[in-house]
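Those sequence lines, one after another, are chains B and R.
With the working numbering applied, the first sequence covers -11 to 515.
With the working numbering applied, the second sequence covers -11 to 515.
Reading through the structure tokens given below for one structure.
Protein chains: 2
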Amino acid sequence: MVSWKNLDTLDAYKELLKKEDSVKLSEVLSGESGAKRVADYCVPMAAGLCYNYAAKKVNDAVLEKLAALAKEAQLTEKFRELYNGAVINTGEKRLVLHQLTRGQLGDDVIADGVNKRDFFTGEQKKIAEFAKKVHSGEITNEKGEKFTTVVQIGIGGSDLGPRAIYLALENWAAAHNTLKMQARFISNVDPDDAVGVLRGVDVAHALFIVVSKSGTTLETLTNESFVKDALEKAGLDVSKHMLAVTSETSPMAKNSGYLAAFFMDDYIGGRYSTSSAVGGAVLSLAFGPDIFARFLDGMAAEDKLAKEEDPLKNPAMLDALIGVYERNILGYPLTALLPYSQALSRFPAHLQQADMESNGKSVNRFGEPMNYKTGPVLFGEPGTNGQHSFYQLLHQGTDVIPLQFIGFKESQNEKDVEVKGSTSQTKLNANLAAQIVAFACGKEDENPNKWFDGERPSSVIVGEQLAPESCGALLSHYENKIMFQGFLWNVNSFDQEGVQLGKVLANRVLAHDTDGALKSFSELLGV
Amino acid sequence: MVSWKNLDTLDAYKELLKKEDSVKLSEVLSGESGAKRVADYCVPMAAGLCYNYAAKKVNDAVLEKLAALAKEAQLTEKFRELYNGAVINTGEKRLVLHQLTRGQLGDDVIADGVNKRDFFTGEQKKIAEFAKKVHSGEITNEKGEKFTTVVQIGIGGSDLGPRAIYLALENWAAAHNTLKMQARFISNVDPDDAVGVLRGVDVAHALFIVVSKSGTTLETLTNESFVKDALEKAGLDVSKHMLAVTSETSPMAKNSGYLAAFFMDDYIGGRYSTSSAVGGAVLSLAFGPDIFARFLDGMAAEDKLAKEEDPLKNPAMLDALIGVYERNILGYPLTALLPYSQALSRFPAHLQQADMESNGKSVNRFGEPMNYKTGPVLFGEPGTNGQHSFYQLLHQGTDVIPLQFIGFKESQNEKDVEVKGSTSQTKLNANLAAQIVAFACGKEDENPNKWFDGERPSSVIVGEQLAPESCGALLSHYENKIMFQGFLWNVNSFDQEGVQLGKVLANRVLAHDTDGALKSFSELLGV
Chain B
-11 MVSWKNLDTL DAYKELLKKE DSVKLSEVLS GESGAKRVAD YCVPMAAGLC
39 YNYAAKKVND AVLEKLAALA KEAQLTEKFR ELYNGAVINT GEKRLVLHQL
89 TRGQLGDDVI ADGVNKRDFF TGEQKKIAEF AKKVHSGEIT NEKGEKFTTV
139 VQIGIGGSDL GPRAIYLALE NWAAAHNTLK MQARFISNVD PDDAVGVLRG
189 VDVAHALFIV VSKSGTTLET LTNESFVKDA LEKAGLDVSK HMLAVTSETS
239 PMAKNSGYLA AFFMDDYIGG RYSTSSAVGG AVLSLAFGPD IFARFLDGMA
289 AEDKLAKEED PLKNPAMLDA LIGVYERNIL GYPLTALLPY SQALSRFPAH
339 LQQADMESNG KSVNRFGEPM NYKTGPVLFG EPGTNGQHSF YQLLHQGTDV
389 IPLQFIGFKE SQNEKDVEVK GSTSQTKLNA NLAAQIVAFA CGKEDENPNK
439 WFDGERPSSV IVGEQLAPES CGALLSHYEN KIMFQGFLWN VNSFDQEGVQ
489 LGKVLANRVL AHDTDGALKS FSELLGV
Chain R
-11 MVSWKNLDTL DAYKELLKKE DSVKLSEVLS GESGAKRVAD YCVPMAAGLC
39 YNYAAKKVND AVLEKLAALA KEAQLTEKFR ELYNGAVINT GEKRLVLHQL
89 TRGQLGDDVI ADGVNKRDFF TGEQKKIAEF AKKVHSGEIT NEKGEKFTTV
139 VQIGIGGSDL GPRAIYLALE NWAAAHNTLK MQARFISNVD PDDAVGVLRG
189 VDVAHALFIV VSKSGTTLET LTNESFVKDA LEKAGLDVSK HMLAVTSETS
239 PMAKNSGYLA AFFMDDYIGG RYSTSSAVGG AVLSLAFGPD IFARFLDGMA
289 AEDKLAKEED PLKNPAMLDA LIGVYERNIL GYPLTALLPY SQALSRFPAH
339 LQQADMESNG KSVNRFGEPM NYKTGPVLFG EPGTNGQHSF YQLLHQGTDV
389 IPLQFIGFKE SQNEKDVEVK GSTSQTKLNA NLAAQIVAFA CGKEDENPNK
439 WFDGERPSSV IVGEQLAPES CGALLSHYEN KIMFQGFLWN VNSFDQEGVQ
489 LGKVLANRVL AHDTDGALKS FSELLGV
């Protein structure tokens, strides 16, 4: 039986609060011992990735205390309860089953009279069969022509994850002749979003996937209506172009307006739904179901590592522990995620959702206030772009901001160019190595404007190449990191009550049921 | 003569530090007085915009002290010195002349024997003539066919601003039949960036603009080489497809490898260069020079407002003052920029650069350390998307994060759809009004998980429509806000020494001149 306790009640946390272990990065990273530290402070991940924390402000003494914290907080036991089907989402009284969509962790979970693993894998099979028929030309538009584009209509979790992963693997798929259809995404209720996307889409050869778990998401239904208008105006048979991804109990299920419907359920939160039908349909259509299956294999392999009790063998747990150490002991206010891979351009936006929506909470899982900070703001852009942008503040600003780098030895495409004796890929990684050391070690200078304090900690995840398996492992790593941090902060990472008030007030505005400031702001905005 | 003093030496700042004026948003925004406050706390901007700060934690007493701070810090005088050609960028000993590219502020500035206003406007004329010839078919590819796409190759300031403004006006231009060419952007040294962009571009009908002030930016020259390879492999005459935007003294100037070259100079920082040839060439080619001229007109009109001494009539100055109040008096750690307009999807990324690279400094303009925080981290995504993502933390997280909203009464396209009695645009703005009030006023609830503290301050800039003039006014507003904050913090907002160390170390890695941790990290990354 696990016990859920606030972070600041744990003995191991109190030990850490004594701050007996200060680590000076410019010292521990210098010379031969620095080189050895880089080799030692490295945890293997799935799919050839590794998590390197040599430039984090930890040493063996801190790591020991963090391991004690992990044990006292029962991280492994809590994860086991989660994947075996406990009601971890206490607020909404729901199981949390996204890991079941991709792996074989734990026991069978029977809920609502259904074996949930069979249910999720069954949906993947349905999607795979459907996608193959689309690709082979068995399912076509009403003229018998092949579909060339798939457009996902969804918002939040139905948009950010699938979009980030599509962009992450689009180049790779093109290079491996497995880009079956191009994918596009419509999310915002701003009509300019749908107009802009549709301007670049040949609707006669497009499949549209409407994604809403509840079947009632206002933005998504509005955009669905927008798209149906466009299809009708083009003289097309709307029902031949529309798919649904939803829950079996939603108004979108068993609806003849859709060519097909694929299902997920309430046990998968939107921000964790990329490995469910929410990501599965669009990614299987775009890349082929075999590629999506390889992506899921990468996730499953990384999930398995998250079961390790020893944080030094469990990269997600270690990453979570170091993050809490930085947030609550060292007091750093936020985190930057900086992938040195253009393909990961929207990966930070997805993790921004996954992380901030999960752990941006002020009460614990029992609804009690806490005396410590929880989830930090997460932001980021790809390097080297960021180097020419906001890195100035990261290097010399008045706040220390912990950094999470990601890099790959090889590019996704073989095409490259050698300029001044090195390829683009080599330049990219040279910059990444340089940044890690620049942030950590700094540089003294007689010109104070060119002085770098250093002592700005970072970790780096390194892989061979961003490919389906490594991409899956990467996503799983962060999902599990967020989960472990939620356990440590003792919050419910799987609800999002903070988004409700805005919805309620927006409906009041739309019903013209307003007064005071709400009325004035509405008028200011022409509503 | 102005005097440059640290913020904490100013009497008005010491007054503010007493924190005598606490404002409870749920009180000041309630009832009829709340409605009046929304109407009163609103400053007109150019191009029909207004800056509303009713949901900021200020009252008349605070505003008076902020006005005193503005006066004591000589914000107006410092701005005047800047646009009249003083050496404001003390670190690099340079004038700061980006306002001259778009307006008639102040005196003529003669530098290096040249009237700089004539120089900048002369370059715009050259660009306009060139663009017209491309659009009319007078300048074509070697087969005599029209160019249909323009690709900007640049990074940092040569990428983010022009890209953000292109995306901001692409839909508008399409709706007004003035989208002359589509624009694409290559920035990252990651070869996957260029491969991905080129996959979607018909190179035979594409013009490429290589943008580098120094003519030595490694990423940009590498990507230029990448593109030239692609042109050669397609059997095309490279020099017929390449343009340069650079400074007159760079190796890219007067180079027969380019069809044409347009110039800026060292007095315009990269992050302030959107209104120079850096943005002018790509935007004039994409939208036509008349549209770009209207964009500049919007900037000029907003610049003029920034000359106002009274902050209540000077939205950029007021925004700057309130930002400093939030950062240094109220102690909020960062800022979120949340445009309710999908067209502004990359505007936060541009301002992230402009703001963080300008004011992310730890020493003042004389190189002395300071005892207060300077520029905060800025991040953001468009609403309503963000509502389904990170807003959870903004509403209920353990940090209060000040918000900057942007909204427009009308969409850029007339196309819209009515669902459940309201259009998409109405839903969009209903959500924005609702969020302002939800963040400010919160909601009590017997379920602590559904309790909202509120008291999370926001401002909103509202316009009629995102069009060339209003888009220009918006950009100018933020550029000038950043400038005024730099004056208040007494930092040099126009250099970026913090990006140098990484460059130096990256060159060492590329030369294999490494040891210790730098060598180990390089090996880890396969370099």
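Quick reminder that beta carbons are idealized off the backbone N, C-alpha and C, glycines included.
Self-check item: Simplified DSSP assignment, three categories, for S508 of chain B
Solution: Here S508 of chain B sits in helix by DSSP.
Practice problem: Let me know if P150 of chain R comes out buried or exposed under the rule of 16 or more other beta-carbons within 10 Å of its beta-carbon. | Solution: With 16 or more Cβ atoms within 10 Å of its Cβ, P150 of chain R is classed as buried.
Quiz prompt | Reduced DSSP category for I141 of chain B - H, G, I as helix; E, B as strand; rest coil | solution = Looking at I141 of chain B - three-state DSSP - the assignment turns out to be strand.
Self-check item: is_contact[K397 of chain B, chain R] using C-beta, thresh 9 Å
Solution: Answer yes: the Cβ-Cβ gap between K397 of chain B and chain R drops below 9 Å somewhere.
Exercise. Determine the chain A residues that contact S213 of chain R at a beta-carbon separation under 8 Å, and present them in chain order.
Key: Protein chains B and R are contained in the structure displayed, whereas chain A is not.
Exercise. Measure the C-alpha to C-alpha separation of N352 of chain B and N480 of chain B and round it to an integer number of angstroms.
Key: Near 7 Å, if we compare the C-alpha coordinates of N480 of chain B and N352 of chain B.
Quiz item: Can you find at least 3 beta carbon pairs, one from the region 486 to 504 of chain R and one from the region 434 to 445 of chain R, that sit closer than 8 Å?
Solution: In short, these stretches do not touch, since the Cβ pair count stays below three.
Quiz item: Does the Cβ of T204 of chain B have 16 or more other Cβ atoms within 10 Å, making it buried, or fewer, making it exposed?
Solution: Using a 10 angstroms sphere on the CB of T204 of chain B, the tally of other CB atoms stays under 16, which defines it as exposed.
Quiz item: For the region 96 to 126 of chain B, which residues have a beta carbon sitting closer than 7 Å to at least one beta carbon of chain R?
Solution: Hits within the stretch: zero.
Self-check item: DSSP state of G19 of chain R mapped onto helix, strand, coil
Solution: Of the three classes helix, strand and coil, the one that applies to G19 of chain R here is helix, per DSSP.
Quiz item: If contact means a Cβ-Cβ distance below 7 Å, which residues of the region 497 to 515 of chain B contact chain R?
Solution: Cβ proximity to chain R below 7 Å picks out V497, L498, G504, A505, L506, K507, S508, F509, S510, L512, L513, G514, V515 from the region 497 to 515 of chain B.
Quiz prompt | Residue burial classification, T(-3) of chain B (beta-carbon count within 10 angstroms, cutoff 16) | solution = Flag for T(-3) of chain B reads exposed.
Exercise. Please classify P277 of chain B: does DSSP put it in a helix, a strand, or coil?
Key: P277 of chain B falls in the helix class under three-state DSSP.
Practice problem: Throw me the rounded Cβ distance for the T136 of chain R and M169 of chain R pair, which I believe falls under 8 Å. | Solution: Right, the Cβ-Cβ distance comes to about 6 Å (below 8 Å), so this counts as a contact.
Practice problem: Starting from the beta carbon of I389 of chain R, find every residue of chain B whose beta carbon is closer than 9 Å, and list them in chain order. | Solution: The answer, in chain order, is V365.
Quiz prompt | Where the beta strand (DSSP E) through N40 of chain R begins and ends | solution = Residues 38 to 40.
Quiz item: S464 of chain B lies in the alpha helix (DSSP H); which residues open and close that run?
Solution: Segment 456 to 477, the alpha helix (DSSP H) holding S464 of chain B.
Quiz item: With 16 other CB atoms within 10 Å as the buried threshold, where does S(-9) of chain R fall?
Solution: Classified as exposed, S(-9) of chain R has fewer than 16 neighbouring CB atoms from the shown chains inside 10 Å of its CB.
Quiz item: With a CB to CB cut of under 6 Å and the five nearest residues on each side skipped, what residues in its chain are close to G520 of chain B?
Solution: In this structure chain B extends from -11 to 515, so residue 520 of chain B is not present and cannot be described.
Exercise. Would you list, in chain order, the members of the region 57 to 70 of chain R that have their beta-carbon closer than 9 Å to a beta-carbon of chain B?
Key: Answer set for the region 57 to 70 of chain R: empty.
Exercise. Anything in chain B within Cβ reach of L284 of chain R, meaning under 9 Å, just list it in chain order.
Key: Under the 9 Å cutoff, chain B gives no residues; its nearest Cβ is about 23 Å from L284 of chain R.
Practice problem: Taking C-beta pairs closer than 8 Å, name the residues in chain R that F440 of chain B reaches, listed in chain order. | Solution: What F440 of chain B touches in chain R: G486, L489.
Quiz item: Would T262 of chain B count as contacting chain R if we go by Cβ distances under 9 Å?
Solution: Judged by the 9 Å Cβ criterion, T262 of chain B is not in contact with chain R.
Quiz prompt | L51 of chain B versus B:D307, B:K134, B:A455, residue with shortest Cα-Cα distance | solution = Of B:D307, B:K134, B:A455, the residue nearest in Cα terms is B:D307.
Quiz prompt | Candidates B:P277, B:A455, B:V425, B:F250: closest to V16 of chain B by CA position | solution = For V16 of chain B, the closest alpha carbon among the candidates B:P277, B:A455, B:V425, B:F250 is that of B:V425.
Self-check item: Beta-carbon spacing of F393 of chain B, T323 of chain B below 9 Å
Solution: Against a cut-off of 9 Å, the Cβ pair of T323 of chain B and F393 of chain B comes out as no contact.
Quiz item: S235 of chain B lies in the beta strand (DSSP E); which residues open and close that run?
Solution: In the DSSP annotation of this structure, the continuous segment of the beta strand (DSSP E) that includes S235 of chain B starts and ends at 230 to 235.
Quiz item: On the three-state DSSP scale, how would you describe S333 of chain R?
Solution: DSSP places S333 of chain R outside both helix and strand once states are collapsed to three, so it counts as coil.
Practice problem: Taking P357 of chain R and R315 of chain R to be in contact with their CB atoms under 8 Å, please state how far apart those CB atoms are, rounded to whole angstroms. | Solution: Not confirmed; about 17 Å, so no contact.
Exercise. Could you give the DSSP three-state label for G395 of chain B: helix, strand or coil?
Key: Per DSSP, reduced to three states, the secondary structure at G395 of chain B is strand.
Quiz item: So is D254 of chain B in contact with chain R if we call contact Cβ pairs under 9 Å?
Solution: So, not an interface residue.
Exercise. Return the residues of the region 134 to 147 of chain R that lie within a Cβ-Cβ distance of less than 8 Å from chain B, sorted by chain order.
Key: Under the 8 Å Cβ criterion, the region 134 to 147 of chain R contributes I143, G144, G145, D147.
Quiz item: So, using beta-carbon positions, are N302 of chain R and V31 of chain R closer together than 9 Å?
Solution: Yes. Within cutoff.
Quiz item: With C-beta atoms as the reference, is D278 of chain R less than 9 Å away from T109 of chain R?
Solution: No, the Cβ-Cβ distance between D278 of chain R and T109 of chain R is not below 9 Å.
Quiz item: Can you tell which of R:A116, R:T362, R:D147, R:P370 has its C-alpha closest to the C-alpha of Q384 of chain B?
Solution: It is R:T362 whose Cα lies nearest to the Cα of Q384 of chain B.
Exercise. Give every residue of the same chain whose Cβ lies closer than 6 Å to the Cβ of F118 of chain B, excluding the five residues on either side of it in the sequence, and list them in chain order.
Key: Once the five neighbours on either side are set aside, the close Cβ partners of F118 of chain B are A248.
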